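What follows is a single structure, written as structure tokens, with notes after it.
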Amino acid sequence: MTLIADRIIEPANESMEQASFIWDVEDEAQKQLAVGAAVQAAHQAALVLVAAVDPAFEAADHPLTAKFRLFEFGRWPVGVVGGSFNLF
71 MTLIADRIIE PANESMEQAS FIWDVEDEAQ KQLAVGAAVQ AAHQAALVLV
121 AAVDPAFEAA DHPLTAKFRL FEFGRWPVGV VGGSFNLF
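If you count the sequence shown from 1, you need to add 70 to reach this note's numbering.
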């Protein structure tokens, strides 16, 4: 799993730099939080893939798969508050 973090951190940092320029984000803590969330989502997606070895497991419908897809489409799933799923 460390390999996944090593592979995703550089592209995540590059993407955050581009996004911070577009959205005028200067707060380094916010940037690092977003990069960390992207790395976490990639790690969780890898866990789903490992579990998908079981033919009874539905990886495509798993919530962690959906979370990773949000990152792929440029969204940041911040979290669930009450009945709302907050995206950035």
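No residue lacks a Cβ here, since even glycine has one placed at the ideal position from N, Cα and C. Given the structure is predicted, the values throughout are model-derived calculations rather than measurements.
Delimiting residues of the alpha helix (DSSP H) encompassing residue i
| i | result |
| --- | --- |
| Phe91 | 72–93 |
Proximity below 9 Å, CB of residue i to CB of residue j
| i | j | result |
| --- | --- | --- |
| Val109 | Ala75 | yes |
| Phe141 | Ala99 | no |
| Phe138 | Gln114 | yes |
| Lys101 | Glu80 | no |
| Gly149 | Ala89 | no |
Expected contact under 8 Å - CB spacing of residue i and residue j to nearest Å
| i | j | result |
| --- | --- | --- |
| Ala122 | Ala116 | About 10 Å separates the two Cβ atoms, so there is no contact after all. |
| Val105 | Asn83 | 6 Å |
| Leu134 | Pro147 | Going by Cβ atoms, the distance from Leu134 to Pro147 rounds to 10 Å, so no, they are not a contact pair. |
Check: residue i C-beta below 8 Å from any heavy atom of the ligand MN
| i | result |
| --- | --- |
| Gln102 | This structure lacks the ligand MN, and indeed carries no ligand of any kind. |
* Would you list, in sequence order, the uninterrupted alpha helix (DSSP H) runs of no fewer than 4 residues that lie entirely inside the segment 117–153? => 133–142
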